[in-house]
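Numbering (my numbering), first residue to last: 255 to 420.
By construction, the Cβ of each residue, glycine as well, lies at the ideal position given by its N, Cα and C atoms.
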């Protein structure tokens, strides 16, 4: 255990770096669509991967998949009143309320939500669809905010490792 804390997971311990990167993208996509909060757990696990270039690639692909998965929720917001599923309809109603409460915050609110999940990130993505925010701007800001969030989470094992090995 102490060696794992000190050295992380070496590249030769993975069966295939390509497989790890593909899995990061695929799981990011899945957890972008399904609001389970598991993307953060994947980011935490990615923090133990070595070497650093592989860790960085995994985080970028996890983030890309996650944000593309959230694009489904942006589309739900765009559909607005045409959404008939009660659960999805509830998201649209809450998103419309959020957009009315914070109509002047736009990109700043999206960036804060992407990084800190306050207000809930999924809700702001749906709200962006409701107000027809430009998709490239929405997903670009979402990507940068989520990459910062996941990067910070991934860095936490290194900080913890330093504390435990002192």
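Can you tell me which of the three DSSP states residue 361 falls into?
On the chain shown, position 107 is the one that residue 361 refers to. Correct three-state label for residue 361: helix.
Under a CB-based cut-off of 7 Å, is residue 320 close to chain E?
In the structure shown, chain E cannot be found, because there is only a single protein chain.
Buried or exposed for residue 362, going by 16 or more other Cβ atoms inside 10 Å?
On the chain shown, position 108 is the one that residue 362 refers to. With fewer than 16 Cβ atoms within 10 Å of its Cβ, residue 362 is classed as exposed.
Residue 379 burial status per 10 Å Cβ neighbour count (16 or more: buried):
Reading the chain shown from its first residue, position 125 is the one you call residue 379. By the neighbour-count rule (16 or more Cβ atoms within 10 Å), residue 379 is buried.
Candidates 390, 369, 335 and 327, of which the one nearest residue 404 by Cα:
Taking the first residue of the chain shown as position 1, residue 404 is located at position 150. Each of 390, 369, 335 and 327 was checked against the Cα of residue 404, and the nearest Cα belongs to 369.
Where are the alpha helix (DSSP H) runs, 4 residues long or more, that stay fully inside the stretch 319-374, in chain order?
340-355 and 360-370, all fully within the stretch 319-374.
At the level of alpha carbons, what is the spacing between residue 310 and residue 291?
For the purposes of this step, residue 310 is taken as the residue at position 56 of the chain shown. For the purposes of this step, residue 291 is taken as the residue at position 37 of the chain shown. A direct Cα-to-Cα measurement between residue 310 and residue 291 gives close to 20 Å.
Determine the burial state of residue 396: buried for a count of at least 16 other Cβ atoms within 10 Å of its Cβ, exposed for fewer.
Locating residue 396 in the chain shown gives position 142, where the first residue counts as 1. Under this definition residue 396 is a buried residue.
Distance, Cα to Cα, residue 304 vs residue 365?
Looking up residue 304 in the chain shown gives position 50. Looking up residue 365 in the chain shown gives position 111. Rounded to the nearest angstrom, the two C-alpha atoms are 29 Å apart.
Looking at C-alpha atoms only, which residue of 410, 418 and 391 is the closest neighbour of residue 302?
Counting from one through the chain shown, the residue named residue 302 turns up at place 48. The candidate whose alpha carbon is nearest that of residue 302 is 410.
Evaluate residue 418 with the Cβ neighbour count: other Cβ atoms within 10 Å of its Cβ, from every protein chain shown; 16 or more gives buried, anything less gives exposed.
As a working mapping, residue 418 is identified with position 164 in the chain shown. When all chains shown are included, residue 418 counts as exposed.
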